[in-house]
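What follows is a single structure, written as structure tokens, with notes after it.
In our numbering, the protein residues as written are 14 to 193.
Here it is, written out as structure tokens:
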């Protein structure tokens, strides 16, 4: 599988959205791969991690986020499940799960219902170690300050508005993947 070939089916190569997506996704993939390599005992699938990290945000073009050159109709929070739908259509159901489950630290059904989020009513939290690792690595990079890695404390501050569950899950990942 070639993630860039899939991205190029949906994003013009000369667009700002393509540049932002690929730059952000490469940063996430590199961090996820470095963390995976530091934990050989976990026996993580490095090929899958790289592919899925490169494709985790493929659905952003379907959302209304003009600051990152995305001019779709859906709210930005929908990019995960919309990207998952694309990946299923492409024949990659395992990659689709990463798309669907990477938003925040994952969206629980309780969170979706309590906040009335405009996403399907199902649990969308990362399950496999690879899903968790990519979701974790994604928190360190934004699409507006490309290549600038956030600190864990800054991430905790931004997750705090989503509640203790999100911060707690991030803290668990810090222990698991960083040994903190």
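For every residue, glycine included, the Cβ atom is placed at its ideal position computed from N, Cα and C.
- For the pair of segments examined, the stretch 97-108 was found to touch the stretch 67-75: the number of CB pairs separated by less than 8 angstroms reaches three.
- Here the alpha carbon of residue 39 sits roughly 10 angstroms from the alpha carbon of residue 68.
- Only residues of its own chain outside the window of five on either side were considered, and among them 154, 155 have a CB closer than 8 angstroms to the CB of residue 161, listed in chain order.
- For residue 14, no pairing in a beta bridge is given by DSSP.
- Assigned with DSSP and collapsed to three states, residue 181 falls in helix.
- Counting of Cβ neighbours within 10 angstroms places residue 53 among the exposed residues, the total staying below 16.
- For residue 140, there is no enclosing alpha helix (DSSP H), as DSSP marks it with neither H nor E.
- For residue 125, the enclosing alpha helix (DSSP H) has its first and last residue at 122-128.
- When C-beta atoms of the stretch 137-147 are compared with those of the stretch 105-122, three or more pairs fall below 8 angstroms, so the two segments count as touching.
- Of the other Cβ atoms in all chains shown, fewer than 16 fall within 10 Å of the Cβ of residue 158; this residue is therefore exposed.
- The Cβ atoms of residue 46 and residue 20 do not sit closer than 8 angstroms to each other.
- By the criterion of a C-beta distance shorter than 8 angstroms, residue 87 is surrounded in its chain by 75, 76, 77, 95, 131, once the five residues flanking it on both sides are discounted.
- Taking a contact as a CB-CB distance under 8 angstroms, the pair residue 187 and residue 165 counts as one, their CB atoms being some 6 angstroms apart.
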